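Student: Got a structure here, written out as structure tokens. Questions coming.
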Amino acid sequence: MVLGGAVKALGAGLACPDWPLCHGAVVPNLADPLIAIEWVHRAVALATGLILLATLVLALLWFRADRVVVLLASMSLVALGAQITLGALTIVSRLDPVVVTSHLALATAVFASALVLAVLTVVRPPETSAAPAETPG
Numbered sequence: 198m199v200l201g202g203a204v205k206a207l208g209a210g211l212a213c214p215d216w217p218l219c220h221g222a223v224v225p226n227l228a229d230p231l232i233a234i235e236w237v238h239r240a241v242a243l244a245t246g247l248i249l250l251a252t253l254v255l256a257l258l259w260f261r262a263d264r265v266v267v268l269l270a271s272m273s274l275v276a277l278g279a280q281i282t283l284g285a286l287t288i289v290s291r292l293d294p295v296v297v298t299s300h301l302a303l304a305t306a307v308f309a310s311a312l313v314l315a316v317l318t319v320v321r322p323p324e325t326s327a328a329p330a331e332t333p334g
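The opening position of the sequence shown corresponds to residue 198 in the numbering used here, with each subsequent residue numbered one higher.
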């Protein structure tokens, strides 16, 4: 969300005028700071997606019996997918204010669901989780 704020504040929202590529490249010329900040914003979104995918896999492995944890992990990943779609629409719509605002609102929801998930997995009593058995050896 901080990178999205930086993109907005610096006016870098259309520094990469196409999506998913940036100036037709996976990794564009990053000499222009506006292109660099927009590209890093996209790269962090991809990394966040991979982290949330790993979180869902771990929730299914370790908290399978805890439906709330699995549901929140699933919702976080689905919401991020929608968030990335809104990011693409932000570019395609040429920064339509409704799309930009929706993109920020959904970013807040993704962050909130991931935060609630993190808190739940820390404060839940151990017996509510189904942690995988340790392998002997």
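Ideal placement from N, C-alpha and C gives every residue a C-beta, glycine not left out. Please read these numbers as outputs of a predicted model, since none were measured by experiment.
Excluding the 5 residues preceding and the 5 following V316 in the sequence, name in chain order all residues of the same chain whose CB lies nearer than 8 Å to its CB.
Tutor: By 1-based counting over the sequence shown, the position of residue 316 is 119. Nothing listed; no residue qualifies.
Student: Roughly how many angstroms lie between the CA atoms of K205 and L255, to the nearest whole one?
Tutor: Residue mapping note: residue 205 aligns to position 8 of the sequence shown, counting from 1. Residue mapping note: residue 255 aligns to position 58 of the sequence shown, counting from 1. K205 and L255: Cα-Cα distance of roughly 34 Å.
Student: Who are the near neighbours of G201 in its chain, counting only those whose CB is closer than 8 Å to its CB and skipping five residues on each side?
Tutor: What you label residue 201 is simply residue 4 of the sequence shown in a count that begins at 1. So the list reads H238, H300, L301, A304, once near-sequence residues are dropped.
Student: Could you check whether G208 and D215 sit closer than 8 Å to each other, using their CB atoms as the reference points?
Tutor: As a position in the sequence shown, residue 215 is number 18, starting the count at 1. As a position in the sequence shown, residue 208 is number 11, starting the count at 1. No.
Student: Is it buried or exposed, T298, if we count other Cβ atoms within 10 angstroms and call 16 or more buried?
Tutor: As a position in the sequence shown, residue 298 is number 101, starting the count at 1. It is exposed - the Cβ of T298 has fewer than 16 other Cβ atoms within 10 Å.
Student: So, under 8 Å CB-CB, Q280 and V307 are touching, yes? Tell me the CB distance rounded to an integer number of Å.
Tutor: Counting from one through the sequence shown, the residue named residue 280 turns up at place 83. Counting from one through the sequence shown, the residue named residue 307 turns up at place 110. So it is a contact: roughly 5 Å between Cβ atoms.
Student: Given A242, which residues of its chain have a CB within under 7 Å of its CB, disregarding the five upstream and five downstream residues?
Tutor: Taking the first residue of the sequence shown as position 1, residue 242 is located at position 45. Closer than 7 Å at the Cβ level, and outside the excluded window around A242, lie I281, G284.
Student: For L231 versus I288, is the C-beta distance shorter than 8 Å?
Tutor: As a first step, residue 231 must be located in the sequence shown, where it is residue number 34. As a first step, residue 288 must be located in the sequence shown, where it is residue number 91. No.
Student: Beta-carbon within less than 7 Å of L250's beta-carbon, same chain only, minus the 5 sequence neighbours each way: which residues are those?
Tutor: Sequence index remark: in the sequence shown, residue 250 carries index 53 (1-based). Cβ within range, chain order: L274.
Student: When the Cα atoms are used, what is the spatial distance from L227 to V267?
Tutor: Within the sequence shown, the letter at position 30 stands for residue 227. Within the sequence shown, the letter at position 70 stands for residue 267. The straight-line gap from Cα to Cα measures roughly 39 Å.
Student: So, under 8 Å CB-CB, A270 and T252 are touching, yes? Tell me the CB distance rounded to an integer number of Å.
Tutor: Walking along the sequence shown from the start, residue 270 turns up at place 73. Walking along the sequence shown from the start, residue 252 turns up at place 55. Sure, about 5 Å apart at Cβ, within 8 Å.
Student: Starting from L264 and walking both ways along the alpha helix (DSSP H), at which residues does that stretch end?
Tutor: Walking along the sequence shown from the start, residue 264 turns up at place 67. One detail in the question is off: residue 264 reads as Arg in this sequence, not Leu. 264 to 289 is the span of the alpha helix (DSSP H), which, as asked, contains R264.
Student: What's the call for A312, buried or exposed, on a 16-neighbour Cβ count within 10 Å?
Tutor: Residue 312 sits at position 115 when you count from the first residue of the sequence shown. Position check: residue 312 holds Leu in this sequence, whereas Ala was assumed. L312 should be labelled exposed.
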